């Protein structure tokens with residue numbers, strides 16, 4: 011397994027544009043997490059899914075952020091409209107029930123100018 | 407609420423010197439504690455967990471419930487240990503508390 015795969019690796023966009031980040035979890039993992047990493051706040055949990063169902067989205071900063079998981083092998087995190095303060099590295103992670111270890115993707119570095 | 411505090415954003419030590427990365431947590435029950443590491447341009451990965459009581463790459467961490475701490479230690483730092491280290495907690499109750507809460511991270515630099 012190639013691990014958790016995120017795309018794109020880097021994204022530069024203008025303020026006001028829509029941004030979509032993508033994640034493919036490890037096959038068989040039933041939990042999927044979206045984290046945001048910044049220098050000031052470290053790693054923050056934005057939202058997580060269990061069996062494709064959003065369980066807790068209390069970490070999503072604003073209504074501009076939305077996440078979906080249409081099937082077990084794909085999830086998206088969308089920001090619309092994007093703002094410069096959204097600039098960060100966004101990580102996707104997955105794990106399977108009964109295993110405490112979460113496996114992370116390589117992240118998407120988002121820059122909003 | 408569960409919370410993880412890493413008081414040092416940056417830590418520099420010389421090669422061969424001992425290193426300790428501090429982590430304190432706040433949780434009313436019995437937590438699971440982890441250390442994750444992120445080397446330059448690599449993905450975040452699990453370093454060790456307190457349940458395993460293991461030593462990985464020379465690092466150890468002991469859960470001190472009295473002091474609510476889980477400091478990461480290594481007696482002799484190596485240059486390849488330079489990385490970002492995150493302490494994480496997983497609570498014992500249901501729902502989102504069962505998920506990982508991360509500290510803000512400590513960037514360790516081991517100088518030659």
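Protein chains in written order, with our numbering: chain V, 11 to 123; chain X, 407 to 518. Where a beta carbon is used, it is the ideal one built from N, C-alpha and C, also for glycine. It should be emphasised that the depicted structure is a prediction, and the values quoted were computed from it without experimental measurement.
Less than 8 Å between CB atoms is the rule here; does residue i satisfy it with respect to chain V?
i                      : result
residue 435 of chain X : no
residue 452 of chain X : yes
residue 511 of chain X : yes
residue 408 of chain X : no
residue 484 of chain X : no
residue 459 of chain X : no
residue 506 of chain X : yes
Determine whether the Cβ of residue i lies closer than 8 Å to any Cβ atom of chain X.
i                      : result
residue 115 of chain V : yes
residue 101 of chain V : yes
Looking at the secondary structure, which residues open and close the beta strand (DSSP E) in which residue i lies?
i                      : result
residue 122 of chain V : 118-122
residue 415 of chain X : Here residue 415 of chain X belongs to no beta strand (DSSP E), and DSSP marks it neither H nor E.
residue 84 of chain V  : 84-89
residue 496 of chain X : 489-496
residue 98 of chain V  : 98-105
residue 513 of chain X : 512-517
residue 482 of chain X : Here residue 482 of chain X belongs to no beta strand (DSSP E), and DSSP marks it neither H nor E.
residue 507 of chain X : 506-508
Show which residues of chain V have a CB atom less than 9 Å away from the CB atom of residue i.
i                      : result
residue 438 of chain X : 110
residue 469 of chain X : None at all; the shortest Cβ gap to chain V is about 14 Å.
task: Would you list, in chain order, the members of the region 50-62 of chain V that have their beta-carbon closer than 9 Å to a beta-carbon of chain X?
output: 50, 51, 52, 53, 54, 55 and 58
query: Which whole runs of the beta strand (DSSP E) in the region 12-77 of chain V are 3 residues long or more, in chain order?
result: 15-17, 20-23, 29-34, 41-48, 52-60 and 63-66
- request: List in chain order: all unbroken beta strand (DSSP E) runs of 3+ residues lying wholly within the region 422-475 of chain X.
  value: 425-427, 430-432, 438-444 and 451-455
task: Output, in sequence order along the chain, the residues in the region 488-499 of chain X whose CB is closer than 7 Å to any CB in chain V.
output: 492 and 496
task: Report the residues of the region 64-86 of chain V with a CB closer than 9 Å to any CB of chain X, ordered along the chain.
output: 65, 66, 68 and 69
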